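*Asks:*
2 protein chains.
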Amino acid sequence: MAMKYSRQRQMIFSFLMTRKDHPTADVVYQNIRQNYPNISLGTVYRNLTLLAERGEILRLQVGDGVDHFDGDTSRHCHFVCSDCGSVTDIQLDGLEELFSKAQQEFDGRIDRQSTCFYGVCGKCLDKSAEEQI
Amino acid sequence: MAMKYSRQRQMIFSFLMTRKDHPTADVVYQNIRQNYPNISLGTVYRNLTLLAERGEILRLQVGDGVDHFDGDTSRHCHFVCSDCGSVTDIQLDGLEELFSKAQQEFDGRIDRQSTCFYGVCGKCLDKSAEEQI
DNA sequence: TCAAAAATAGGAATCATTACTGTTTTGCAA
DNA sequence: TTGCAAAACAGTAATGATTCCTATTTTTGA
Numbered sequence: 402m403a404m405k406y407s408r409q410r411q412m413i414f415s416f417l418m419t420r421k422d423h424p425t426a427d428v429v430y431q432n433i434r435q436n437y438p439n440i441s442l443g444t445v446y447r448n449l450t451l452l453a454e455r456g457e458i459l460r461l462q463v464g465d466g467v468d469h470f471d472g473d474t475s476r477h478c479h480f481v482c483s484d485c486g487s488v489t490d491i492q493l494d495g496l497e498e499l500f501s502k503a504q505q506e507f508d509g510r511i512d513r514q515s516t517c518f519y520g521v522c523g524k525c526l527d528k529s530a531e532e533q534i
Numbered sequence: 402m403a404m405k406y407s408r409q410r411q412m413i414f415s416f417l418m419t420r421k422d423h424p425t426a427d428v429v430y431q432n433i434r435q436n437y438p439n440i441s442l443g444t445v446y447r448n449l450t451l452l453a454e455r456g457e458i459l460r461l462q463v464g465d466g467v468d469h470f471d472g473d474t475s476r477h478c479h480f481v482c483s484d485c486g487s488v489t490d491i492q493l494d495g496l497e498e499l500f501s502k503a504q505q506e507f508d509g510r511i512d513r514q515s516t517c518f519y520g521v522c523g524k525c526l527d528k529s530a531e532e533q534i
């Protein structure tokens with residue numbers, strides 16, 4: 402039952418901690434392969450799933466058809482750019498409040514919350530403004 | 402360019418309007434097939450995608466690996482039961498406020514917001530309480 | 001009524017993720 | 001330390017939701 406800490410799992414976890422973007426399993430795989438060429442994609446998936454189940458990381462499904470992983474498990478929101486596809490953090494007050502409101506309102510147990518905003522990020526807005534000239 | 406209103410699209414749209422749960426494409430397909438046996442799954446997907454792009458319905462990705470569709474496009478939250486998988490609405494004040502806070506805070510354009518809560522619904526809690534006896 | 005544009009049915013293709021299998025690691029206990 | 005069972009791994013095959021493709025049918029505006 403006890404989880405054995407393999408070299409691979411440690412690398413996956415610590416890689417995720419170095420990143421502020423929210424890489425997909427494949428990005429994790431490609432990066433770790435640089436230093437550890439015969440890690441397998443299955444291992445990356447298995448460990449990301451395991452870590453997410455244990456609450457050590459978050460698995461995000463933002464609607465682009467690919468799962469993203471986040472080493473920051475504190476309560477925060479995400480933003481997804483419809484143009485470049487980047488996934489970034491948004492720190493917002495009022496999430497705690499929303500959570501407790503939902504708990505009061507809802508008949509059942511609420512464990513977890515996920516809020517995601519969609520639009521076009523600053524960089525992509527600038528880029529399309531330049532192209533207009 | 403103009404969208405032509407096919408019989409199939411109308412059936413898909415009006416079926417979705419009759420439902421307060423948030424059916425998957427396959428559920429829509431299975432239901433419409435009862436009255437219209439040779440509609441194809443591809444047609445269901447194409448129309449759901451088209452209607453969602455036009456903002457007439459919502460496509461929800463709640464993290465169970467399957468897309469759900471919602472005929473109610475007003476601002477509201479969802480709850481997903483980890484036990485039975487049901488997806489239900491939660492009406493909450495304060496979403497507007499959260500949205501405008503995010504707009505102020507964020508460098509970019511925000512178009513849309515999605516908030517989802519996860520836990521165990523009332524029915525499933527009751528069921529597991531009974532089993533304890 | 002006619003023709004062009006749009007949509008359809010049915011099936012094949014895609015691709016992210018999971019499952020499988022034989023081999024290798026890991027961690028505990030003697 | 002050494003041995004052994006549980007856990008994890010690499011590599012690959014399978015799965016399954018969704019999208020793509022093509023020849024045919026519907027829709028709509030003139």
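So the protein sequences, as listed, match chains A and B. The first sequence begins at 402 in our numbering and counts up by one. The second sequence begins at 402 in our numbering and counts up by one. In this text, a Cβ means the ideal position worked out from N, Cα and C, and glycines have one as well. Predicted, not measured: the structure shown is a model, and the values here were computed from it.
1) Spell out whether any CB of chain A is found under 8 Å from the CB atom of F515 (chain B).
2) Just to make sure I have the definition right: I need the residues of chain A whose C-beta is within less than 9 Å of the C-beta of D512 (chain B). Which are they?
3) Rounded to the nearest angstrom, how far is the Cβ of D512 (chain A) from that of G466 (chain B), given a contact under 8 Å?
4) Taking all protein chains shown into account, do 16 or more other C-beta atoms lie within 10 angstroms of the C-beta of D427 (chain B), making it buried, or fewer, making it exposed?
5) Would you report the Cα separation of L493 (chain B) and N436 (chain A), rounded to the nearest angstrom?
6) At the level of alpha carbons, what is the spacing between R420 (chain A) and M412 (chain A)?
7) Chain A partners of L451 (chain B), CB-CB under 8 Å?
8) Establish whether the CB of I361 (chain A) and some CB of chain B are separated by less than 8 Å.
9) From A:P424, A:V463, A:A503 and A:L496, pick the residue whose C-alpha is nearest to that of V445 (chain A); which is it?
10) If we call anything under 8 Å between Cβ atoms a contact, is C478 (chain B) one with C525 (chain B)?
11) Please work out which residues of its chain come closer than 7 Å, Cβ to Cβ, to D471 (chain B), disregarding the five sequence neighbours upstream and downstream, and give them in chain order.
12) What residue range does the alpha helix (DSSP H) around D427 (chain B) cover?
13) Specify the secondary structure class of Y406 (chain B) as computed by DSSP and reduced to three states.
14) For a contact defined as C-beta to C-beta under 9 Å, what are the partners of F470 (chain B) on chain A?
15) What are the boundary residues of the alpha helix (DSSP H) that includes C447 (chain A)?
16) To the nearest angstrom, how far is the alpha carbon of Y430 (chain A) from that of L442 (chain A)?
17) According to DSSP, is F416 (chain B) helix, strand or coil?
*Replies:* So, to answer that:
1) Within the second sequence, numbered from 1, the residue matching residue 515 (chain B) stands at position 114. It should be pointed out that residue 515 (chain B) corresponds to Ser in this sequence rather than to Phe. Any Cβ of chain A closer than 8 Å to the Cβ of S515 (chain B) would place that residue at the interface, and such an atom is present.
2) Reading the second sequence from its first residue, position 111 is the one you call residue 512 (chain B). In chain order: S483, F518, Y519, G520 and V521.
3) Translated into positions along the first sequence, residue 512 (chain A) becomes position 111. Translated into positions along the second sequence, residue 466 (chain B) becomes position 65. The C-beta separation of D512 (chain A) from G466 (chain B) comes to about 19 Å, leaving the pair out of contact by the 8 Å criterion.
4) By one-based count along the second sequence, residue 427 (chain B) stands at place 26. That one is exposed.
5) Translated into positions along the second sequence, residue 493 (chain B) becomes position 92. Translated into positions along the first sequence, residue 436 (chain A) becomes position 35. Distance between the alpha carbons of L493 (chain B) and N436 (chain A) is about 48 Å.
6) Residue 420 (chain A) sits at position 19 when you count from the first residue of the first sequence. Residue 412 (chain A) sits at position 11 when you count from the first residue of the first sequence. Straight-line Cα distance between these residues: approximately 13 Å.
7) To locate residue 451 (chain B), count along the second sequence from 1; it is residue 50. Chain A residues near L451 (chain B): none, gap ~16 Å exceeds 8 Å.
8) Lying before the first or after the last residue shown, residue 361 (chain A) is absent from chain A, which here runs from 402 to 534.
9) One-based indexing of the first sequence puts residue 445 (chain A) at position 44. Cα-wise, what sits closest to V445 (chain A) is A:P424.
10) For the purposes of this step, residue 478 (chain B) is taken as the residue at position 77 of the second sequence. For the purposes of this step, residue 525 (chain B) is taken as the residue at position 124 of the second sequence. Going by C-beta atoms, C478 (chain B) is not nearer than 8 Å to C525 (chain B).
11) For the purposes of this step, residue 471 (chain B) is identified with residue 70 of the second sequence, where counting begins at 1. Sequence-distant Cβ neighbours of D471 (chain B) in its own chain, meaning closer than 7 Å and more than five residues away, are H423, I458, L459 and L461.
12) Locating residue 427 (chain B) in the second sequence gives position 26, where the first residue counts as 1. Element bounds for D427 (chain B): A426 to N436.
13) Residue mapping note: residue 406 (chain B) aligns to position 5 of the second sequence, counting from 1. In the three-state reduction of the DSSP assignment, Y406 (chain B) falls in the coil class.
14) As a position in the second sequence, residue 470 (chain B) is number 69, starting the count at 1. Under a criterion of Cβ atoms nearer than 9 Å, no residue of chain A is adjacent to F470 (chain B); the nearest Cβ is some 13 Å distant.
15) Here residue 447 (chain A) refers to the residue found at position 46 of the first sequence. In the sequence under discussion, the amino acid at residue 447 (chain A) is Arg, which differs from the Cys named in the question. That run of the alpha helix (DSSP H) goes L442 to E454.
16) Taking the first residue of the first sequence as 1, we reach residue 430 (chain A) at position 29. Taking the first residue of the first sequence as 1, we reach residue 442 (chain A) at position 41. So the two alpha carbons sit approximately 6 Å from each other.
17) By one-based count along the second sequence, residue 416 (chain B) stands at place 15. In the three-state scheme derived from DSSP, where H, G and I count as helix and E and B as strand, F416 (chain B) is classed as helix.
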